[in-house]
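Take a look at the structure set out below.
Numbering (my numbering), first residue to last: 67 to 270.
Here it is, written out as structure tokens:
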């Protein structure tokens, strides 16, 4: 009921009015205020779509703070991410980015999620082309299917390696298995070039 109430009245323009009013706090990101700031921002984004997520760059880049709006890999939230970023005002101290972007493959570090540590050297894959997408099987060192944290860590690493948008539009089914040495397995760092070569992706 609460969600429906806001859904009829709260617009993307309202969100950006609120953010611009509070932008200095999010530019500075003082450590003692982080929990409060992030809770407030999460509440505002949830009025647009409760599946939206966000990240900020830890450091300033050319004097700007990167503000990344993400769908957390949930396809139904992609249109709202695009709408928010397209309608963002010009903010001098921020770079507004749609979706988690892929990083430079040589600079990708280990993902730490809960008690899981997962780096590019820990992940291999096999694949099968399926129309405009690739179905992949990930082979993870130390993988334990009883802990869903492994899946969360693997998806975060995928977003970092190929980008959130390409994970959603160019990757089909994803399965995960414990790593066992095999000549058929490819290191995960080969996935971005394979995707660029093999598939066009689905349209949203």
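Virtual Cβ for every residue (Gly too), placed ideally from N, Cα, C.
For residue i, the first and last residue of its enclosing beta strand (DSSP E)
i	result
residue 199	199–206
residue 189	189–196
residue 184	182–184
residue 119	119–122
For residue i, the first and last residue of its enclosing alpha helix (DSSP H)
i	result
residue 83	78–87
residue 109	100–114
residue 234	230–236
residue 141	From DSSP, residue 141 is part of no alpha helix (DSSP H); its letter is neither H nor E.
Contacting residues, own chain, Cβ-Cβ under 7 Å from residue i (five flanking each side not counted)
i	result
residue 78	114, 149, 150, 153
residue 257	191, 227, 228
residue 222	177, 179
residue 155	82, 86
Environment of residue i [buried if 16+ CB atoms lie within 10 Å]
i	result
residue 176	exposed
residue 219	buried
residue 266	exposed
residue 116	exposed
residue 246	exposed
residue 139	buried
residue 204	buried
residue 230	buried
residue 212	exposed
residue 188	buried
9 Å Cβ cutoff met for residue i and residue j
i	j	result
residue 197	residue 169	no
residue 202	residue 186	no
residue 120	residue 134	yes
residue 184	residue 260	no
residue 242	residue 215	no
residue 159	residue 110	no
residue 166	residue 225	yes
residue 131	residue 123	yes
Simplified DSSP assignment, three categories, for residue i
i	result
residue 244	strand
residue 217	helix
residue 258	helix
residue 253	strand
residue 161	strand
residue 177	strand
residue 265	coil
residue 127	strand
Same chain, Cβ closer than 6 Å to residue i, neighbours up to 5 away in sequence not counted
i	result
residue 108	none
residue 255	171, 186
Neighbourhood of residue i by C-beta, 8 Å cutoff - its chain only, sequence neighbours within 5 removed
i	result
residue 147	118, 135, 136, 137, 164, 165
residue 127	161
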